[in-house]
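Student: I have a structure here, written as structure tokens, and I will follow up with some questions on it.
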Amino acid sequence: MKKARLLSIFLSLVCTIGLVACGGASTPAQSGEAQVTTLAETAAAEETQAEEQSETTELDESEAQSDDDEHDEEAFVLTDDMKIVYFANFENDDISAFTTRGENDTTKLSISTEFARNGQKSLMASGRTESWNGPAFKLDELCKPGKEYYLNASVMQRDHKPVTLSFQYTDQAGEVHYSNLMEKSGKKWLAFNQVNIGFTDDMTDVYVYFEGGTEDIFVDGFSVVEAPAVGIEEELASLCELYKDDFKVGTAITPADLSSKGFMSLLEKHFSASITIGNEMKPDYVLDRNATLENFEKTGNDEDVCVSFAAAKPALDYCRDNKIPVRVHTLVWHSQTPLWFFKEGFDPDGEWVSKEKMTKRMENYIKHYFETLTELYPDIDFYACDVVNEAWLENGGYRKAGTLKEGGDRSMWVKVYGDNSFIEDAFTYARKYAPKGCKLYYNDYNEYMDGKLKAIVDMAKDLKEKGLIDGIGMQSHLDVRQGADAFPSVAMYDHALDVYSELGLDIQVTELDATVPLSSRDKYFEAQAEYYKGIMSSIYAHKDHVSAMIFWGITDDRSWRNTQLPLIFDKNFKAKPAYYTIAAVKEDK
């Protein structure tokens, strides 16, 4: 039986047990310590992580626009040859597979005949009083670990505000993690289509849920199907082999990617010279509040913090087993860093700590970070580290004091320090504790804009003079637009490379992607290919100063900017025109 059904989005994460480090001591986190966590997490706990998942980047204005129109988005079609794990059109009134997000969630789940994408009925989540309230579906009760699936659904919010598909899981250390997977907006039914899902035995309480706004949310055509096996184009020249004599070619991954054979085959062929763990080595994943509080109660020392790499372990294990060098991303950042880290008693509702106390906390955090990492993975080459990320604004000033809830240009580091003086402290401690051979970088986006470029250069000169910095990380989140109006222009990007090269420091392109306009499908793929060719030609021309070129992902569907198709392989693991122009830059030399 063939039925048009709407789909969901990319989601998947993996986690396993890690070590917790505190006060210089490391002890294994036993499986018995893992707390069975319901979805009754507070809004504050969730918002600290979920609202800050993506890199903070100034994007093309078109990205902020909704891709809606007056019509329902095209629905996915389930066919007889698909292996369906779960399907619900709610015509039989069965909503037993869905739950609210715990005792603090005011949502009421029921069957509605008011709206339906297909048939007469849908699932309605009403009575929502917080944006994080909503309908949740437990994945690990139906899906097998280590296997790849597609998750699909049609969703609509009553007032047509954006709807976000999010993901939650508990790692082996008992820590709960959240991530926003995709946000969509429109005037009618929204299609969340073909989402890759995968997890391992070490991940528990795995949920996907819909959130955003506080109006009623309606869900229809919800399905989970086994993903078909898809091969890659083995005949293509390997990018990391083509450029191996010039610089490393690598990519960013999360543990979610490990369950996709096609994705990992592309990684091994084209991007195996370097891996960046996309989220799981950032402060909000690594800083362990439960262990920190336990240590505080025992010792009374509120300047020490504890760390855990439980969330990153699957990806790090893969790097270790396959001897792939790793970029550490990132130590000090205004985003994805927990509020409690800056507060007295490690209480998010407490008073802000003094600059002196925060400096001690920073040192202990960086110390435990590197000591634990190298103890766990002595055989991994941690060859680079983004010590500080995104500290400067486009006008060359530092961020305003405050939390991200108060504005995207705010920083809790500036709230405590009063300015950007924390940068030197971070590099001082990174230089002191980083493993031998690990180079230290300042990393930023819009790094080619005049005001920010000047601020970075002035900072880098000062840090270089003090022997604290080794290089500049150019994130390179770029926008093709329609081609002729690309931002930055190739000339602007090339100028930035010229300026950074003159510093006498190393350069790494750390998060490369280039978007096309929303809903344009393949219309601008040729323009994207020409733009990538220009950017690649500029990077290659500076190869004596560039040691790595890292793409922020591999396939469009798994990108953090997936609605604008920014990468060089499509969701079916096939090369886009941009692959060929990037390869040609080297092949034509």
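In this note's numbering, the protein residues as written are 7 to 595.
All C-beta atoms, glycine included, are put in the ideal place defined by N, C-alpha and C.
All figures in this text were calculated on a predicted structure; none of them were measured in a lab.
1. Compute the Euclidean distance between the alpha carbons of residue 231 and residue 504, then round it to the nearest angstrom.
2. Among 291, 499 and 488, whose alpha-carbon lies nearest the alpha-carbon of residue 525?
3. Assuming contact is defined by CB atoms lying nearer than 8 Å, are residue 577 and residue 587 in contact in what I supplied?
4. Note down, one range per segment and in chain order, each alpha helix (DSSP H) of at least 4 residues found wholly within the stretch 337-392.
5. Determine, using beta-carbon pairs with one atom in the stretch 471-483 and one in the stretch 356-375, whether at least three such pairs fall under 8 Å.
6. Within 10 angstroms of its Cβ, does residue 45 collect 16 or more other Cβ (buried), or is it exposed?
7. Have a look at residue 137 and residue 102 and give me their C-alpha separation to the nearest angstrom.
8. Buried or exposed: where does residue 123 fall if 16 or more other Cβ atoms within 10 Å of its Cβ makes it buried?
9. Do residue 141 and residue 198 count as a contact pair if the criterion is CB distance below 8 Å?
10. In angstroms, rounded to a whole number, what distance separates the CA positions of residue 8 and residue 227?
11. Per DSSP, residue 238 is paired with what?
12. Between which two residues does the alpha helix (DSSP H) containing residue 159 stretch?
13. Please report the residue range of the beta strand (DSSP E) in which residue 5 lies.
14. Helix, strand or coil for residue 426? Go by DSSP, reduced to three states.
15. Quick check: the Cα distance between residue 271 and residue 377, rounded to an integer number of angstroms?
16. Work out the CA separation of residue 492 and residue 585 for me, nearest whole Å.
17. Does DSSP put residue 577 in a helix, a strand or coil?
18. Over what stretch of residues does the alpha helix (DSSP H) that includes residue 506 continue unbroken?
19. Within its chain, find whatever has a CB closer than 8 Å to the CB of residue 416; leave out the 5 residues flanking it on each side and keep chain order.
20. With C-beta atoms as the reference, is residue 571 less than 8 Å away from residue 557?
21. By the 10 Å Cβ neighbour count, where 16 or more other Cβ atoms means buried, how is residue 4 classified, buried or exposed?
22. Rounded to whole angstroms, what is the Cα-Cα separation between residue 337 and residue 430?
23. Provide the residue span of the beta strand (DSSP E) that contains residue 542, from first to last.
24. Determine whether the beta carbon atoms of residue 447 and residue 342 lie at a separation below 8 Å.
25. Are residue 442 and residue 476 touching if we call contact CB-CB under 8 Å?
26. Cα separation between residue 159 and residue 304?
27. For residue 167 and residue 251, I'd like the C-alpha separation in whole angstroms.
28. So, helix, strand or coil for residue 189, using DSSP?
29. Let's see if you can read the secondary structure: which residues bound the beta strand (DSSP E) around residue 149?
30. Based on Cα-Cα distance, which residue from 380, 592, 580 and 591 lies nearest to residue 241?
31. Going by beta carbon distance, what residues of the same chain come within less than 6 Å of residue 302, once the five residues before and after it are set aside?
32. Quick one: what does DSSP say residue 483 is sitting in, helix, strand or coil?
33. Would you kindly check if the distance between the Cβ of residue 119 and the Cβ of residue 135 is under 8 Å?
34. Within 10 angstroms of its Cβ, does residue 126 collect 16 or more other Cβ (buried), or is it exposed?
Tutor: Straight from the coordinates:
1. 50 Å
2. Among 291, 499 and 488, the Cα nearest to that of residue 525 is on 488.
3. no
4. Counting only runs of 4 or more, we get 361-382.
5. no
6. Caution is warranted here: a pLDDT of 34 is assigned to residue 45, below 50, making its placement in the model unreliable, and the coordinate value is therefore given only provisionally. Residue 45 comes out buried.
7. 23 Å
8. buried
9. no
10. Its pLDDT being 34, under 50, residue 8 is placed unreliably in this model, and the coordinates cannot settle the point.
11. BP columns for residue 238 are empty, so no partner.
12. Unbroken run through residue 159 is the beta strand (DSSP E), 155-163; no alpha helix (DSSP H).
13. Because the chain spans 7 through 595 in this model, residue 5 falls outside it and cannot be assessed.
14. coil
15. 32 Å
16. 18 Å
17. coil
18. 496-507
19. 340, 405, 406, 407, 408, 409 and 410
20. no
21. Residue 4 is absent from the model: the chain starts at 7 and stops at 595.
22. 13 Å
23. No beta strand (DSSP E) contains residue 542, which is instead part of the alpha helix (DSSP H) from 531-547.
24. no
25. no
26. Near 48 Å, if we compare the C-alpha coordinates of residue 304 and residue 159.
27. 50 Å
28. strand
29. Taken as a continuous stretch (DSSP letters only), residue 149 belongs to no beta strand (DSSP E), as it is neither H nor E.
30. 580
31. Within the same chain, residue 302 has close Cβ partners 308.
32. strand
33. no
34. exposed
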